[in-house]
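Visitor: Here it is: the structure, laid out below.
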Amino acid sequence: MSPETITAPHLVRVEKGRASDEELAAVTALLLARVARQPAPDDAGPGRSPAAWRRLERARAYRAPHSWQG
Numbered sequence: 002m003s004p005e006t007i008t009a010p011h012l013v014r015v016e017k018g019r020a021s022d023e024e025l026a027a028v029t030a031l032l033l034a035r036v037a038r039q040p041a042p043d044d045a046g047p048g049r050s051p052a053a054w055r056r057l058e059r060a061r062a063y064r065a066p067h068s069w070q071g
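Reading the sequence shown from the start, the letters are residues 2 to 71 in this note's numbering.
The structure is reproduced here in C-alpha cells:
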C-alpha cells in the first residue's frame, strides 16, 4: 500500500457540493464546540424520567363518557 492510502479516517465528508478548506474548518470548529458543550456521559444527571405521553395500546378500547378516568 502506498502512504496515500494509509490515512486516518475522515471525520467530515462533503456529500454534495465543493466546500473550501475554510468552510470545512468553520463547520468542524462549530461541531467540536457543540460537542464540548455537552455534559460527559458520567455527568448526565439523574436517570431516565417517565414519559409524559400515554401508550394508546395500553388504554382500554372504550371509556364511558361519565367515567372518572379522563
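C-beta atoms are modelled at their ideal positions from N, C-alpha and C, and glycine is treated no differently.
What you are looking at is a predicted structure, and each value in this text was computed from that prediction instead of being measured.
#1: Would Ala13 and Thr29 be called neighbours here (beta carbons separated by less than 8 angstroms)?
#2: Which of the three DSSP states, helix, strand or coil, is assigned to Val15?
#3: Between which two residues does the alpha helix (DSSP H) holding Ala26 run?
Guide: Taking the definition as stated:
#1: Note that residue 13 is Val in the sequence shown here, rather than Ala. Between Val13 and Thr29, the C-beta spacing is below 8 angstroms.
#2: For Val15, the three-state secondary structure derived from DSSP is coil.
#3: Asp22 to Arg38
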